[in-house]
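The sequence shown begins at 1443 in the working numbering and counts up by one. For every residue, glycine included, the Cβ atom is placed at its ideal position computed from N, Cα and C. Remember, it's a predicted structure, so these values are computed and weren't measured experimentally.
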Amino acid sequence: LSLAGLPTDPEEVDFLILSSQWAGIACERQGKKDEGRVHFERVANMDEPEDPTSKGYYFDALLLLASTLYDAGQKAEAAKYLRLVVAYNPGYKKFLEQCEQHEDLASDLARSRREL
């Protein structure tokens, strides 16, 4: 789809976003973090779709990208995408707050597990 130019049909946009999400997730699970991030960034480089379903998939992909960036220590960049996600769906505000407030959420989680 991307070789033929950016898709405009909502169904094709959905396919591009979803295939990018799944490719990114597959790479991440194989430990290929940088390669996975490339797939999520493909979606971030698209214009925000108008179609409501496509828009939901688009922001899901931005959330995945933010998570990947956060895990890589790029918290400021992750927060940038999380702000976009929260503007679309305020239900994700807790992730933005964690990103902005916690220096290292992973170590906080590890510490809390040890305390249990």
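Under the three-state reduction of DSSP, which class applies to residue i: helix, strand or coil?
i, result
"P1452", "helix"
"A1559", "Past the edges of the chain, shown from 1443 to 1558, lies residue 1559, and the structure says nothing about it."
"Q1543", "helix"
"E1490", "coil"
"Q1463", "helix"
"K1561", "No answer is possible for residue 1561: it lies beyond the span of the chain, which begins at 1443 and ends at 1558."
"G1515", "coil"
"K1474", "coil"
Which whole-angstrom value is the C-beta distance of residue i and residue j, which I expect to be below 8 Å?
i, j, result
"Q1463", "L1526", "Actually they are not in contact, since the Cβ atoms of Q1463 and L1526 sit about 16 Å apart, beyond 8 Å."
"F1537", "A1503", "That belief does not hold up - the Cβ atoms of F1537 and A1503 are roughly 15 Å apart, past 8 Å."
"Y1500", "C1541", "Actually they are not in contact, since the Cβ atoms of Y1500 and C1541 sit about 20 Å apart, beyond 8 Å."
"S1496", "V1455", "5 Å"
Can you confirm whether residue i, when its beta carbon is compared against all beta carbons of chain B, has any partner nearer than 8 Å?
i, result
"K1497", "Here chain B cannot be found, since the structure has a single protein chain."
On a Cα-Cα basis, can you pick out the residue from the options that is closest to residue i?
i, options, result
"A1514", "G1473, P1494, S1461", "G1473"
"G1466", "A1486, P1452, P1491, D1451", "A1486"
"E1490", "C1469, A1468, E1470, Y1523", "Y1523"
Item to check | Segment contact, 8 Å Cβ cut-off, at least three pairs: the region 1515-1522 with the region 1471-1481 | outcome: no
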